[in-house]
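Written below as structure tokens is the structure these notes are about.
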Amino acid sequence: MSLSHTSVSRQASAQELLIWDKGTRIFHWMLVLLVVGDALTGWMAPKWMLNWHVAFGAGIGMLLIWRIVWGVYGPGPSRFENFIRSPAAVLGHLRSVASGHPRWHAGHNPAGGWMIVALLITLTLILITGLIALAGEEKQGILAGWISYGVGHLCKEIHEGLVTLLFVLIPTHIAGVILESLLERENLIRSMITGKKRLTAIQTLPELQQAKPVHALIWNSGIALLLWVGYLGLGEHPAPLGHAPWSASAAGYAKACGECHWSFHPSLLPESSWQTMISTLDNHFGENASLSEDVRRQMDDLLRTNAAHAWDTKAANQLRRVSKEEPMRITAAPYWLKKHRHIPADSYASKSIGSKSNCPACHQDAESGHFTPQAIRNPKEKIA
Amino acid sequence: MKAFIVWMVGLATVVPQHAWSGEQASLLEKYARQARQESPDFTVFQPQRGELFFTSRHSGGKPDTPACTTCHGATPTSSGMTRANKPIEPMAISKTPSRFADPDKVEKWFGRNCDSVLGRPCTAQEKGDVLVYLLKQ
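Just so you know, the sequences run in chain order A and B.
Just so we're aligned: the first sequence equals residues 130 to 513 in our numbering.
Just so we're aligned: the second sequence equals residues 341 to 477 in our numbering.
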């Protein structure tokens with residue numbers, strides 16, 4: 130970044146004033162790109178693209194840290210102390226706007242300044258709740274193992290609520306920019322690209338601070354280091370919630386229960402359903418699936434200790450509620466039906482799937498019980 | 341030493357291509373003992389009887405599974421498919437050499453499948469007949 134241009138200074142043309150330094154401009158447009166990317170991957174992209182959503186979010190996180198540091202050590206117009214103004218100043222500004230002759234400000238006007246604060250806080254909270262949701266719901270990310278499903282789920286709701294708020298703030302921000310552009314006859318969107326604003330005779334050049342890029346660099350490096358150390362520390366946590374070690378073959382489960390069908394993870398049904406199932410194996414969905422008494426008892430034990438209530442994954446939490454009519458049928462559970470409602474019924478009959486109960490045909494991590502979004506792959510024969 | 345080599349070469353030519361393992365042989369012996377107990381007339385297991393048993397439609401079991409071949413495929417050398425859409429390796433020992441090496445597994449599946457196909461447990465003679473038939477495939 131060019132240091133000589135980070136302060137407010139007169140340019141070649143005496144009429145133009147550099148307000149937005151290169152760093153703030155790049156920050157602004159990268160933020161636009163990443164927010165659009167996150168909005169698209171959050172709302173529209175297929176579920177398995179979650180990694181993109183998370184990566185865009187991480188990018189926004191880095192931008193926010195940079196911007197907050199720049200709000201302290203950046204050049205005048207980028208500093209919080211210059212654009213966070215008293216409520217009286219905001220009211221005064223709004224009154225001047227209402228009169229049709231808004232007071233001129235080199236950087237953000239008092240109302241716009243608060244919008245920046247609102248956007249930064251909202252984005253920060255979206256990232257924090259997203260990170261907690263990722264950890265609690267999917268058992269992924271740096272907080273995996275520390276957050277229960279319940280907390281993660283709550284944070285996902287808050288995450289979505291805050292995104293709704295963000296998409297009220299952004300149009301308001303744009304409307305404010307357009308309004309100010311019209312009233313001041315100055316294209317402020319262009320200003321955020323070139324960094325320059327016109328200076329007319331009646332306007333006095335405000336006294337604004339120079340940037341302190343070295344301070345900013347030290348702070349950014351310090352925060353990055355702190356995050357890195359925190360990440361390493363959290364990563365060493367030995368037994369993340371909902372990640373109880375499970376191996377169908379090691380437990381003898383695959384041999385006992387995985388010869389006719391895939392080894393359904395025990396966390397996909399509550400204990401009560403397994404209890405009924407293990408005592409009615411001679412008529413197991415119309416088949417005789419009886420086991421020797423020894424093996425039956427082992428499996429009874431295994432299924433109970435790993436049933437839905439013993440696991441904290443999303444699937445385990447949601448599948449604790451079973452169908453009233455068919456409590457043993459996972460594919461009849463309300464959550465299963467809800468999650469698969471867009472999949473045409475006849476696609477299950479395709480050769481590579483065979484039936485609804487063949488979870489691993491699309492969920493590559495089914496055996497582990499995790500059912501993460503990233504592991505969803507539609508089989509080669511296309512599901513319409 | 342020379343005698344030993346001659347003996348080994350001789351053994352290699354005598355032993356059939358798909359040698360039955362000790363487990364498979366002892367399983368057959370067990371079924372033979374049980375068959376003698378069940379019926380004094382029992383003499384020896386017959387692969388032809390086993391083939392007939394394996395390929396015929398039976399009655400008394402579940403309507404969806406009238407024969408062994410319903411799930412196991414038309415012949416012992418073909419693959420089958422479980423009712424839950426999981427492939428079943430061929431029953432023929434030539435195709436799946438590990439077949440019948442685990443007596444508990446054999447008993448588990450005779451237990452389940454005789455009930456599904458016949459509606460009753462299989463006799464020791466039926467089990468032995470099918471076994472010698474499949475071991476010769």
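A virtual CB, placed ideally from N, CA and C, is assigned to each residue, including glycine.
Could you work out which residues of chain A lie near residue i, taking near to mean beta carbons separated by less than 8 Å?
| i | result |
| --- | --- |
| B:Lys426 | Glu388, Cys389, His390, Trp391 |
| B:Arg452 | Glu416, Asn417, Ala418, Ser419 |
Mapping the DSSP letters down to three states, classify residue i as helix, strand or coil.
| i | result |
| --- | --- |
| A:Ser497 | helix |
| A:Leu420 | coil |
| B:Gly400 | coil |
| A:Pro204 | coil |
| A:Asn507 | coil |
| B:His412 | helix |
| A:Met159 | helix |
| A:Ala368 | Because the pLDDT of A:Ala368 is 49, which lies under 50, any placement of that residue in the model is unreliable, and the question is left without a value. |
| B:Gly420 | strand |
| A:Pro300 | helix |
| B:Pro430 | coil |
| A:His182 | helix |
| B:Gly350 | With a pLDDT of 43 at B:Gly350, under the threshold of 50, the modelled position of this residue cannot be trusted; read the value that follows with caution. Three-state DSSP puts B:Gly350 in a helix. |
| A:Leu344 | Before going further, note that residue 344 of chain A is His rather than Leu in the sequence given. Note: A:His344 maps to helix in three-state DSSP. |
| A:His230 | coil |
| A:His390 | coil |
| A:His515 | Outside the shown range of chain A, which is 130 to 513, sits residue 515 of chain A, and nothing can be said about it. |
| A:His413 | strand |
| A:His471 | coil |
Can you tell me where the beta strand (DSSP E) with residue i in it begins and where it stops?
| i | result |
| --- | --- |
| A:Lys326 | 325-327 |
| A:Leu146 | 145-147 |
Would you mind stating whether residue i and residue j have Cβ atoms separated by less than 8 Å?
| i | j | result |
| --- | --- | --- |
| A:Gly265 | A:His282 | yes |
| A:Leu514 | A:Ile261 | With chain A covering only 130 through 513, there is no way to say anything about residue 514 of chain A. |
| A:Met448 | A:Leu398 | Note that residue 448 of chain A is Leu in the sequence shown here, rather than Met. Yes; because the gap between Cβ atoms is below 8 Å, this pair is in contact. |
| A:Trp375 | A:Pro489 | no |
| A:Arg154 | A:Ile322 | yes |
| B:Ile428 | B:Gly420 | yes |
| A:Lys485 | A:Tyr477 | yes |
| A:Pro502 | A:Leu272 | no |
| B:Gln465 | B:Ser379 | yes |
| A:Leu312 | A:Pro206 | no |
| B:Glu369 | B:Ala441 | no |
Leaving out five residues before and five after residue i in sequence, what residues of the same chain have Cβ atoms less than 6 Å from its Cβ?
| i | result |
| --- | --- |
| B:Ala407 | Arg397 |
| B:Phe385 | Gly468, Asp469, Val472 |
| A:Val226 | none |
| A:Tyr202 | Lys341, His344, Ala345 |
| A:Leu295 | Thr251 |
| A:Ala217 | none |
| B:Arg389 | Asp469 |
| B:Val457 | His398, Gly401, Thr405 |
Starting from the beta carbon of residue i, find every residue of chain A whose beta carbon is closer than 9 Å, and list them in chain order.
| i | result |
| --- | --- |
| B:Asp455 | Asp411, Asn417, Ser419 |
| B:Lys448 | Ala385, Glu388, Ser419, Leu420, Ser421, Val424 |
| B:Arg460 | In chain order: nothing, as chain A lies at least about 11 Å away. |
| B:Lys402 | Gly415, Glu416, Asn417 |
What residue does the alpha helix (DSSP H) around residue i start on, and which one ends it?
| i | result |
| --- | --- |
| B:Leu471 | 464-475 |
| A:Pro456 | Taken as a continuous stretch (DSSP letters only), A:Pro456 belongs to no alpha helix (DSSP H), as it is neither H nor E. |
| A:Gly242 | 239-267 |
| B:Cys454 | 443-458 |
| B:Pro387 | 387-395 |
| A:Trp403 | 400-407 |
| A:Tyr464 | 463-468 |
| A:Asn211 | 209-212 |
| B:Gly362 | 362-378 |
| A:Lys443 | 443-447 |
Under 9 Å Cβ-Cβ, which residues of chain B neighbour residue i?
| i | result |
| --- | --- |
| A:Gly85 | This structure does not reach residue 85 of chain A, given that chain A is present from 130 up to 513, and the question cannot be answered. |
| A:Ser479 | Neighbours of A:Ser479 on chain B: none; closest Cβ ~11 Å, over 9 Å. |
| A:Ser486 | Ala424, Asn425 |
Near residue i, what residues of its chain come up, given a Cβ to Cβ distance below 7 Å and the 5 sequence neighbours on each side ignored?
| i | result |
| --- | --- |
| A:Glu315 | Lys326, Arg327 |
| A:Gly188 | Leu163 |
| A:Trp195 | Phe156, Asn349 |
Please return the same chain residues whose Cβ sits closer than 8 Å to the Cβ of residue i, not counting the five positions on each side in sequence.
| i | result |
| --- | --- |
| A:Ala298 | Position check: residue 298 of chain A holds Leu in this sequence, whereas Ala was assumed. Answer for A:Leu298: Met244, Ala247, Leu248, Thr251, listed in chain order. |
| A:Pro367 | In this prediction, A:Pro367 scores a pLDDT of 47, lower than 50, which makes its location untrustworthy; the coordinate-derived value is nonetheless stated afterwards. If we look at A:Pro367 and ignore the five residues flanking it on each side, it has no Cβ neighbours. |
Under 7 Å Cβ-Cβ, which residues of chain A neighbour residue i?
| i | result |
| --- | --- |
| B:Arg439 | Here the premise fails: no neighbours, minimum Cβ distance about 13 Å. |
Any heavy atom of the ligand COA within a distance shorter than 7 Å of the CB on residue i?
| i | result |
| --- | --- |
| A:Ser401 | In the structure shown, the ligand COA is absent, as is every other ligand, since no ligand is present at all. |
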